[in-house]
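K.L.:
Can you read through this structure? Questions will come right after.
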Amino acid sequence: MPDRLVIFDVDGTLVDSQAEIIGAMAASYASENIVLPARPVILSIVGLSLAEAFAHLLPDADAPRRSRMVQAYRDAFSALHGPDQIDLSPLYPGALDVLRQLHARPDMQLAIATGKSQRGLDRIIERHDLTGFFVSRQTADMHPSKPHPAMIHAALAESGVSTDNAVMVGDTTYDIDMGRAAGVKTIGVGWGYHLPTDLNADALIDSFADLPAAIDRVLG
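190 is the number that our numbering gives to position 190 of the sequence shown; each next residue is one higher, with no gaps.
Shown next, in the form of structure tokens:
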């Protein structure tokens, strides 16, 4: 059995989904006649579950309003994926090649831990022909929001890999804090939605081509 596990975040790590996220947020805020926050503020909550994201963005709003906005976001997000819509969440350059390279290694398994819903993740997997790459696919509708370590614990259990042989790859502090809470190594990517200097990961990379070597370095 492969003895290493590489766990990937999705939004801001594997795919650049900011166009979809900003579009759905704009519709959600418009539904309640609230001024949309600036793009950096919205991207700062990427990775959290929707309920947790709106709690961060609108701490003074009551629970019914936030629930309506969560539903409005989901509705708008679904509308962005009609049959005539263009691809608004492309893979980052080099992602597919590196996923194929890692998947082919006999010592390695791949997993997902994402703030997306299961439906949203399934859409990404299908859109980019990633079926079969990941032995474990953990989503926000199955677990507490990041940085709670539940998603990583589940991925470790499904893969049979120990914490000292696993690494979390992500672009936000939520990803890195989740990895640290679960006791696994962490790799931050420099192309996502949080500043790399804020991540405090075990390693930082600037391109997907650097990932295999970084994995070997942090896992020893």
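Where a beta carbon is used, it is the ideal one built from N, C-alpha and C, also for glycine.
(1) Note down, one range per segment and in chain order, each alpha helix (DSSP H) of at least 4 residues found wholly within the region 35–93.
(2) Using beta-carbon positions only, say whether I45 and A51 come within less than 8 angstroms of one another.
(3) What is the residue span of the alpha helix (DSSP H) that M178 lies within?
(4) What are the residues that DSSP puts in a beta bridge with M168?
(5) Give me the Cβ distance between G188 and D171, rounded to the nearest whole Å; I'm assuming they're in contact under 8 angstroms.
(6) Are at least three pairs of beta-carbons, each pair with one atom in the region 126–143 and one in the region 163–177, less than 8 angstroms apart?
(7) Would you mind giving the Cβ-Cβ distance between R136 and M69, rounded to the nearest angstrom? I have them listed as a contact below 8 angstroms.
(8) For L57, which residues from the same chain have a beta carbon less than 8 angstroms from its beta carbon, with the 5 sequence-adjacent residues on both sides left out?
(9) Please tell me whether L110 and F8 are closer than 8 angstroms, where the distance is taken between their beta carbons.
(10) Figure out for me which residue from V218, A214 and R65 has the closest Cα to the Cα of N33.
(11) Helix, strand or coil for R105? Go by DSSP, reduced to three states.
(12) Suppose contacts are defined by Cβ-Cβ distances below 8 angstroms. Is S145 in contact with G115 by that definition?
(13) Applying the criterion that 16 or more other CB atoms from any shown protein chain within 10 Å of the CB defines a buried residue, is S162 buried or exposed?
(14) By the 10 Å Cβ neighbour count, where 16 or more other Cβ atoms means buried, how is T13 classified, buried or exposed?
(15) Measuring alpha carbon to alpha carbon, tell me which of L48, M25, A63 and S49 ends up nearest R39.
(16) Compute the distance between the beta-carbons of V224 and L199, then report whether it is under 8 angstroms.
P.N.:
According to the structure data:
(1) 39–43, 50–57 and 63–79
(2) The answer is no: Cβ separation not under 8 angstroms.
(3) T173 to A182
(4) Here M168 is bridged, per DSSP, to I7 and T186.
(5) The beta-carbon distance between G188 and D171, rounded to whole angstroms, is 7 angstroms. This is short enough to meet the 8 angstroms contact definition.
(6) Not touching, per the Cβ criterion.
(7) Reading off the sequence, residue 136 comes out as Ser, not Arg. With 8 angstroms as the limit, S136 and M69 do not qualify as a contact, their Cβ atoms being about 30 angstroms apart.
(8) Correct list, in chain order: P37, V41, I42 and I45.
(9) yes
(10) R65
(11) coil
(12) yes
(13) exposed
(14) In the assembly as shown, T13 is a buried residue. Its beta-carbon has 16 or more other beta-carbons within 10 Å.
(15) M25
(16) Nothing in the structure corresponds to residue 224, since the chain is present only between 1 and 220.
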